[in-house]
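A.B. asks: This structure is in C-alpha cells; I'll ask about it shortly.
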Ligand code: PHE
C-alpha cells in the first residue's frame, strides 16, 4: 500500500524550501571571495550566464524527475526506468548528500561555537595572528567541535523528524525571510564603515582580463554547489511540490534568490574586510578568522554595535547552514521511509547516527586524526573534494542525460509546460531541451575534466 505523501503548502513554501537548500555556506564564504578574485563584475556576468544556461536546466531536470514521480531519488528513477541501471544513480544520490551533510555539520557546528562565543564573551583580540591561532586551536581540539557538531546535527534531526510540512516547510518559512533581513542589516552596517568603498570596488570593478577558462569552470562549479545540484536534494524537495505548479517559475525564483543572497553577502562581508585593512581569503578562514578580528577591531570604536553585529552574523550563518543541511538529511530519510518502509522517526535516528559518525571522523581529522590520510588528504578534505569535485558533477551529468535522452519527451514536456497550459513555458521548451541535451552535458564534462586536472 502506498503511504500518503506530504506536500508543501504552495508556491512560496516550495520556493522557500528550495532556496533554503541552495542558500548556505557556499553563498557566504565562497561566492564573495570568488567574485573579487576573478574579475569582479565580469565574474558576476559569467556566473549569471552559467546559472541561466547550465545550472537552471540541471535544476529543472531534477525538479522534473521529482515532481513527475512524487518519490525520493531512488524510487523516482525506479519508477521512470524500472529494472535498469539508473537505480544506481538513485542510490548514489542518496549517499552523496549524506557525505556532504557529515562535513557540513562540522562547519555548522563551528558556527554554533562561534555564535556561543559572540553571545558570551565576544571577540576582543585585535591581533589577526592570535585570532587565527584561536580558530586553529578550537577546531583541532576534540571535545568542543564534537559537541557543536552533535548539536547541529541534532537540530537538523528534530526539524526533519517533525515532517515535511510541520518541520521542513515551517522552519524554512520562518528562517528564509529572517536570513534576508539579517544579511541586509549587516550589509548596511558594513557599507557605512570608513574605508568600505574599497570592498565595494573589489566586488564591482569589472576586470575582463581575469576571465580565463579556469575562472569559467570555477563559476560553473560554484553555481553547482550553491544550487545544491547533482545530489538529489532538489529532486527530493521537488517531489513535495503540488501537482500543476509552474516549475519554471519555481526554478527562476530559487536561482534568483540564491544569487541575490550571494550578492548581498558579498556587500555585507567585503566592505568590512577592506575597512579593517586585510586581504580577503576564501573558505572557513573568511568567516572564522577574518570576521572575528574585524568584530574586535570595530568593537574598539562602538563596542555594543559590533557585538550585536557579531551575534547577528553568526545567527545568519547557523540558520543558513541549517536550512541547507535539512535538505540533505531529508534525502536519506525519504529513501528509508519510502524504500525501506521505515518509520520517519527510525529513519531520522539512523541517518543521524551514520552522519554523526562520519562527521565525527571529519571533525577529529583537524586534531587527533590529522595523520589519517586518504589520497594525501585529511578525512574532512577528502569528503569535501570527493563530493564537490566529483559526485556533484557526476550526479548532475547523469540527471541531465536522463531527462534529456532517456525520459519520455512527452512527459518532460508535460512537466515543463504544466500540461501545455503555460504559454511562455511552451515557447521556451525547445531551447530548454537543447540546453539539456547538448550544452549542459558538454559543460559538465568540461568542469569534470578541469577538476580532474587541477
Ligand atoms: N547549496 C548549499 C550551500 O550553498 C550546499 C548544499 C550542497 C546543500 C548540496 C545541499 C546539497 O551552502
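In our numbering, the protein residues as written are 23 to 476. From the three backbone atoms N, C-alpha and C, an ideal C-beta is built for every residue, glycine too.
1. Looking only at its chain, what residues have a beta carbon closer than 6 Å to the beta carbon of residue 187, apart from the 5 residues adjacent to it on each side?
2. Considering Cα atoms alone, identify which of 61, 302, 45 and 301 is closest to residue 241.
3. Could you pull the start and end residues of the alpha helix (DSSP H) that residue 171 belongs to?
4. I'd like to know if the region 425-434 and the region 457-466 are in contact, where contact means that at least 3 CB-CB pairs between them fall below 8 Å.
5. Distance check for residue 158 and residue 172, CA to CA, integer angstroms please.
6. Excluding the 5 residues flanking residue 387 on each side, which residues of the same chain have their C-beta closer than 6 Å to its C-beta?
7. Under a Cβ-count criterion, where at least 16 other Cβ atoms within 10 Å of its own Cβ denotes burial, should residue 453 be classed as buried or exposed?
8. Quick one, what's near the ligand GDP if you take every residue whose CB is closer than 6 Å to any heavy atom, in chain order?
9. If we count the other Cβ atoms within 10 Å of its Cβ and call it buried at 16 or more, is residue 293 buried or exposed?
10. Within a Cβ cutoff of 7 Å, which residues of the same chain sit near residue 287, ignoring the five residues on either side of it in sequence?
11. Report the three-state DSSP secondary structure of residue 457 (helix, strand or coil).
12. In angstroms with no decimal places, state the Cα-to-Cα distance between residue 207 and residue 305.
13. Between the alpha carbons of residue 417 and residue 409, how many angstroms are there, rounded?
14. For residue 148, I'd like the list of residues in its chain whose CB is within less than 8 Å of its CB, leaving aside the five on either flank, ordered along the chain.
15. Please name the residue in 343, 426, 153 and 278 whose C-alpha comes closest to that of residue 130.
16. Under the three-state reduction of DSSP, which class applies to residue 251: helix, strand or coil?
17. With a 10 Å radius around its C-beta and 16 neighbouring C-beta atoms as the bar for buried, classify residue 301 as buried or exposed.
18. For residue 371, name the three-state secondary structure that DSSP assigns.
19. Could you tell me which whole alpha helix (DSSP H) segments of length 4 or greater appear in the region 109-162?
20. Would the region 84-99 and the region 139-146 be scored as touching if the rule is three or more Cβ pairs under 8 Å?
21. Excluding sequence positions up to five away, which residues of its chain have a Cβ less than 7 Å from the Cβ of residue 58?
22. Enumerate in chain order the residues of its own chain whose CB-to-CB distance from residue 69 is below 6 Å, with the five nearest sequence positions on each side excluded.
23. Around the C-beta of residue 104, are 16 or more other C-beta atoms found within 10 angstroms, so that it is buried, or is it exposed?
24. So who's on the other strand from residue 399, going by DSSP bridges?
25. Just how far apart, CA to CA, sit residue 326 and residue 109?
26. Which residue comes first and which comes last in the alpha helix (DSSP H) that contains residue 63?
27. Considering only the beta carbon of each residue, do residue 200 and residue 127 sit closer than 9 Å?
28. Of the residues 356, 474 and 363, which one's Cα is nearest the Cα of residue 117?
29. My output table needs one value for residue 30: the three-state DSSP class, helix, strand or coil.
30. Just verifying my parser: in three-state terms, what is the DSSP assignment at residue 463?
31. Who are the Cβ neighbours of residue 23 in its own chain at under 6 Å, not counting the five residues just before and after it?
32. Buried or exposed for residue 378, going by 16 or more other Cβ atoms inside 10 Å?
33. Just verifying my parser: in three-state terms, what is the DSSP assignment at residue 52?
34. Between the Cα of residue 274 and the Cα atoms of 79, 31 and 358, which residue gives the shortest distance?
35. If we ignore side chains and look at the alpha-carbon of each, how far apart do residue 11 and residue 312 end up?
C.D. replies: Checking against the coordinates, here is how it stands:
1. Position 165 of the chain shown holds residue 187. Its chain contains 28 as the residues whose beta carbon lies nearer than 6 Å to that of residue 187, once the 5 sequence neighbours on both sides are disregarded; these appear in chain order.
2. In the chain shown, counting from the first residue as 1, residue 241 sits at position 219. Among 61, 302, 45 and 301, the Cα nearest to that of residue 241 belongs to 61.
3. Taking the first residue of the chain shown as position 1, residue 171 is located at position 149. From DSSP, the alpha helix (DSSP H) with residue 171 extends over 165-183.
4. The answer is yes - the region 457-466 touches the region 425-434, with three or more Cβ pairs under 8 Å.
5. Residue numbering aside, residue 172 sits at position 150 when the chain shown is read from its first letter. Residue numbering aside, residue 158 sits at position 136 when the chain shown is read from its first letter. A straight line joining the alpha-carbon of residue 172 with that of residue 158 spans about 20 Å.
6. In the chain shown, residue 387 corresponds to position 365, counting from 1. These residues qualify, in order along the chain: 400, 401 and 402.
7. For the purposes of this step, residue 453 is identified with residue 431 of the chain shown, where counting begins at 1. Flag for residue 453 reads exposed.
8. This structure simply doesn't include the ligand GDP; it includes the ligand PHE instead.
9. As a first step, residue 293 is located in the chain shown; it is residue number 271 there, counting from the start. Within a 10 Å sphere around the beta-carbon of residue 293 sit 16 or more other beta-carbons, which makes this residue buried.
10. On the chain shown, residue 287 is found 265 positions in, with the first residue counted as 1. These residues qualify, in order along the chain: 49, 50, 53, 54 and 205.
11. For this step, residue 457 is matched to residue 435 along the chain shown. Reduced to three states, the DSSP call for residue 457 is helix.
12. The residue labelled residue 207 in the question sits at position 185 within the chain shown. The residue labelled residue 305 in the question sits at position 283 within the chain shown. Spanning the two alpha carbons is a distance of roughly 23 Å.
13. Residue numbering aside, residue 417 sits at position 395 when the chain shown is read from its first letter. Residue numbering aside, residue 409 sits at position 387 when the chain shown is read from its first letter. Each residue's alpha carbon lies about 10 Å from the other.
14. Counting from 1 along the chain shown, the entry for residue 148 is found at position 126. Around residue 148: 315, 318, 319 and 322.
15. As a working note, residue 130 is residue 108 in the chain shown. Across the set 343, 426, 153 and 278, the C-alpha of 343 shows the shortest separation from the C-alpha of residue 130.
16. By 1-based counting over the chain shown, the position of residue 251 is 229. Correct three-state label for residue 251: coil.
17. Residue 301 sits at position 279 when you count from the first residue of the chain shown. Taking all protein chains in view, the Cβ of residue 301 is surrounded by fewer than 16 other Cβ atoms within 10 Å, so the residue is classified as exposed.
18. Within the chain shown, numbered from 1, the residue matching residue 371 stands at position 349. In the structure shown, residue 371 sits in a helix (DSSP, three-state: H, G or I).
19. Here the runs fully enclosed are 150-162.
20. Judged by Cβ distances under 8 Å, the region 84-99 makes no contact with the region 139-146, as fewer than three pairs qualify.
21. Numbered from its first residue, the chain shown carries residue 58 at position 36. Contacts found: 224, 225, 292 and 302.
22. Within the chain shown, numbered from 1, the residue matching residue 69 stands at position 47. Excluding sequence neighbours, residue 69 sits near 241.
23. Taking the chain shown and counting its residues from 1, one reaches residue 104 at position 82. Under this definition residue 104 is an exposed residue.
24. Within the chain shown, residue 399 is the residue found at index 377, counting from 1. DSSP lists 396 as partners of residue 399.
25. For the purposes of this step, residue 326 is taken as the residue at position 304 of the chain shown. For the purposes of this step, residue 109 is taken as the residue at position 87 of the chain shown. Taken atom to atom, the span from the alpha-carbon of residue 326 to that of residue 109 is near 55 Å.
26. Stepping through the chain shown from its first residue, residue 63 is reached at position 41. That run of the alpha helix (DSSP H) goes 63-72.
27. Along the chain shown, one-based indexing puts residue 200 at 178. Along the chain shown, one-based indexing puts residue 127 at 105. With respect to the 9 Å criterion, residue 200 and residue 127 are not classified as neighbours on the basis of their beta carbons.
28. For the purposes of this step, residue 117 is identified with residue 95 of the chain shown, where counting begins at 1. Checking every option, the nearest Cα to that of residue 117 belongs to 356.
29. Indexing the chain shown from 1 puts residue 30 at position 8. DSSP places residue 30 in coil when its eight states are reduced to three.
30. Residue 463 sits at position 441 when you count from the first residue of the chain shown. The DSSP-derived three-state label of residue 463 is helix.
31. Sequence index remark: in the chain shown, residue 23 carries index 1 (1-based). Its pLDDT being 37, under 50, residue 23 is placed unreliably in this model, and the coordinates cannot settle the point.
32. Your numbering for residue 378 matches position 356 in the chain shown. The C-beta of residue 378 has 16 or more other C-beta atoms within 10 Å across all chains shown, which makes the residue buried.
33. As a working mapping, residue 52 is identified with position 30 in the chain shown. DSSP places residue 52 in the helix class (H, G or I) of the three-state scheme.
34. As a first step, residue 274 is located in the chain shown; it is residue number 252 there, counting from the start. It is 79.
35. Nothing about residue 11 can be reported from this structure: the residues present for the chain run from 23 to 476 only.
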